[in-house]
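Novice: I'd like to ask you about the structure that follows.
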Amino acid sequence: MSERLVWFITRPERDPNFHPEALQALQSATENFQVVWARNREVHKRYEEELGKIGIKRMNVSHDGSGGRTWVAMLKTFAYCYVNDEGLIVLTKVGEEILKGNNVRENITKQILTLQYPNAYFLEAGFRPKFSQGFRIRPARFLIKLTNQERLNYYLTKEEITFFVMTAQKDSQLNEITDKIIEFRSCSPELQNEMKKEIAINFDHRERSDKAARDFYGAHSDVAHTFMMITDYTNLVEYVRGSVLRIAPESSIEVNEQIEQLDLRYPFNTRYLISLQRMAENNGLDVTSYKASKYREKRPATNSEKFNRKIERILEKHPEPHAMKEFELIDILSSEIPPRMASKVAASILEEVTYSGLNEDFVEAYLDETNDYEFENKTGEIFKSLGFEVEMRPKPINEVQTEIEILLKYGEGYCGIIDAKNYKKKFPLSANLASHMASEYIPNYNGYDARKVKFFGYVTASEFSGEKNLQKISDLSKRVLPEQEVNGIMLTAKTLLGFLDYCIEKEMSLEERRKLFVSSVDNKAFASIDRLLKK
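Okay, so the sequence shown: first residue is 10 according to the working numbering, each after it adds one.
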C-alpha cells in the first residue's frame, strides 16, 4: 500500500499507565539523555534491558534493538520526546514533568486527547507508509465524540471502530461515520459482511474474497483495542473489556462540555507545517505551560458558528491577534463587520484571558498563500509581531523606480529592508539580484526617515539557493556606503514563522524578539528554525 488510509498507533504497550515507566527506563538507558540514540543499536538494546528490569517488557532483547526503537516510537507518538539533529533524545516539557511526577495523569490524558494525524512522529522520514495527505483528525477525541451520541446509544463495538471509525480522516466526518454505523447495525449478518468486505477492499487494497474482511479485522482490530484503552484512561469513556466502549447517558452532558473545552483550548496543531521539532515541542507542552490562543479560548459573544468562522477568517491575516491593542483589532474587524459589532468582538477577544499563542489559522493561510501581494503583507505582519515598526512598499528617498516590499524601523535611527519572494519551487539568489540589492535597494533606502540601513533580508516561500551571495552583497554595499556595515539574512517563510512561534512560547517582549532577530543577521541563510535557534 502506498499510503495509510486507516488509523495507526505504535503500541508496544497499550496501557498509558506505564508511559512514565517507559520514560524512566529511557532516561536510564541513555544516561540521562546524554548518549546518542540515533543509529546506536547498543543503546536501543540497553533500553530493552531497562524496560525488562522495570517489568513492563519481557526480558528478551532483540538482536538489532528494534524493540527499543518501537518503544521510543510510542513515546514520540505522544510527544513526550523527540530526536534532535545531533541524534540525542530531547524530552519535551510534558515528558520532563511526567518524569518529575508532576500532574502525571493530567499530562498523559492531555497527550492522548491532543494526539493528531499528522503529528511530528508520523511525518518523520523513517515512518512508513505515510498517512494519506487528507488526514486532519484528533483520533481519540473523535472516538469519544462519536461514542457520546444518543443516536448510537452511547456505545461502540471494537468491530465498528475497526471498520468504520478508523477510516475517518477528518474531524468533520462525525455525522458521516455515525450514519454508516447506524446503517450497519440495521443490516442482516449477510449485508454486514458485504459492507465489511467493501471497506476492506477500499481501504486496504486487498483483492475481493471471503477472507478480505477477516484479514482487515486481523490487521487493524488491535489498533482499535489500543484506542479503546487509551480513551478509557481519560475517564471520559469506559472500556468494557472484550465488549464495547461506552458512556453513561447521565454523563453525556458533562463529557460534551469537557470536549468542547478541549476543542477551544487545544485546537488542531498546524506547527508541523513549520518544523517537526517545533511541532513536537509545542505538542509536548504540559498542562500548566500550554499557551492557548486567546481568540479561540474566549470566543466572540455570539451563537453563530458561521459568524465565528468569519472572525477567524478575518484574523487569519495576523499571526498574533491577541497581542494587539483593542483599537487595532477594532480597525481590522471593521473592514468587514459594523464598527459596533467589531468593538464588541474585540473586547470579547481580549477580555480576561492570560494565554498567548501563534494564530493557527495564520500559519496555514501564510504558507499556502498564492497571491504575491498578500504574501508580502503577511510577511510584514510577522515582522510587526517581532517588534519592528513596519512600512510596506515605501518610496525611496531619491524617488527612483526601485521599490522594496518591506522596510523595518527600529532603535535610534536604524532600519532593515526585506525582499519577500513567493517562489513556490526555489528562489535562487543570483549574482544579478545580489548586485541589485547592493547597488539599488540599500543605497536608495539609506537615509529613509533619517535612518541608516543596518541589514537586508530575503524571505522565501519555499527553498532557496545562493547563500554565498549574502556576503557578496555586504561587500558590494561597502563600496557604496564605506562607513556602514550592512549584513544580510535569508530564511524561509516556515523559518520566520517558527522564529515568531519560539518567541511567543518563551514569552519574549517585543524588544527581546527584535534584538534576537537582529543578532541572527550575519550573512547566513536558514532553511529551518532548528538551525536558526542554534546560531
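Think of the CB as a built atom: it goes at the ideal place given N, C-alpha and C, for glycine as much as any other residue.
1) Count the other C-beta atoms from every protein chain shown that fall within 10 angstroms of the C-beta of Phe-336, then say buried if there are 16 or more, exposed otherwise.
2) May I have the straight-line CA-CA distance separating Pro-29 from Asp-272, to the nearest angstrom?
3) Between which two residues does the alpha helix (DSSP H) harbouring Ile-339 extend?
4) Could you compute how far the alpha carbon of Glu-216 sits from the alpha carbon of His-331?
5) Who are the Cβ neighbours of Arg-23 in its own chain at under 6 Å, not counting the five residues just before and after it?
6) Give every residue of the same chain whose Cβ lies closer than 6 Å to the Cβ of Thr-469, excluding the five residues on either side of it in the sequence, and list them in chain order.
7) Taking its Cβ as the centre, do 16 or more other Cβ atoms sit within 10 Å of Asp-73, making it buried, or is it exposed?
8) Output the boundary residues of the beta strand (DSSP E) element that contains Phe-436.
9) Between the C-alpha atoms of Asn-41 and Leu-32, what's the straight-line distance to the nearest angstrom?
10) For the region 122 to 176, which segments carrying the alpha helix (DSSP H) assignment without a break, of at least 4 residues, lie completely within its bounds, in sequence order?
11) Report back the beta-carbon spacing between Ile-513 and Glu-369 to the nearest angstrom; my notes put them in contact at under 8 Å.
12) Does the beta-carbon distance from Thr-86 to Tyr-130 come in below 8 Å?
13) Evaluate the contact criterion for the region 437 to 453 versus the region 476 to 491: three or more CB pairs, one atom per stretch, below 8 Å.
14) Taking C-alpha atoms, which residue in Gly-497, Met-517, Glu-449 lies nearest to Val-489?
15) How about the region 56 to 76 and the region 99 to 118: do they share at least three Cβ pairs that are nearer than 8 Å?
16) Go through the region 449 to 498 residue by residue and report every complete run of the beta strand (DSSP E) that reaches 3 residues or more, in order.
17) Are the Cβ atoms of Arg-255 and Glu-266 separated by less than 8 Å?
18) Looking at the secondary structure, which residues open and close the alpha helix (DSSP H) in which Met-237 lies?
19) What does DSSP give as the partner residue(s) for Ala-429 in the beta ladder?
20) State the Cα-Cα distance for the pair Cys-424 and Ile-538, rounded to the nearest angstrom.
21) Under three-state DSSP, which class holds Ile-413?
22) According to DSSP, simplified to helix, strand and coil, what is Arg-255?
23) Could you name the residues of the same chain whose beta carbon sits closer than 6 Å to that of Val-253, not counting the 5 residues immediately before and after it, in chain order?
24) What does the alpha-carbon distance come out to for the pair Gly-466 and Leu-416?
25) Please classify Thr-240 as buried or exposed, where buried requires at least 16 neighbouring CB atoms within 10 angstroms.
26) Does the region 273 to 289 touch the region 128 to 148, meaning 3 or more C-beta pairs lie closer than 8 Å?
27) Could you give the DSSP three-state label for Tyr-89: helix, strand or coil?
28) Answer yes or no: do Arg-402 and Glu-390 have a C-beta to C-beta separation smaller than 8 Å?
29) On the DSSP letters alone, give me the boundaries of the beta strand (DSSP E) that Glu-398 sits inside.
30) Which same chain residues, not among the five before or five after Ile-208, have their C-beta less than 6 Å away from its C-beta?
Specialist: The short version:
1) exposed
2) 26 Å
3) 335 to 342
4) For Glu-216, the pLDDT reaches just 49, beneath the cut-off of 50, and the residue's location in the model is therefore unreliable, although a value from the coordinates is still provided. Distance between the alpha carbons of Glu-216 and His-331 is about 53 Å.
5) Thr-235, Met-238
6) Lys-430, Phe-436, Thr-501
7) exposed
8) 435 to 437
9) 10 Å
10) 148 to 156, 167 to 172
11) Rounded, the Cβ-Cβ distance is 12 Å, inconsistent with contact.
12) yes
13) yes
14) Glu-449
15) no
16) 461 to 469, 472 to 474
17) no
18) 221 to 242
19) Val-468
20) 23 Å
21) coil
22) strand
23) Tyr-164, Thr-166
24) 10 Å
25) buried
26) yes
27) coil
28) no
29) 398 to 401
30) Phe-172
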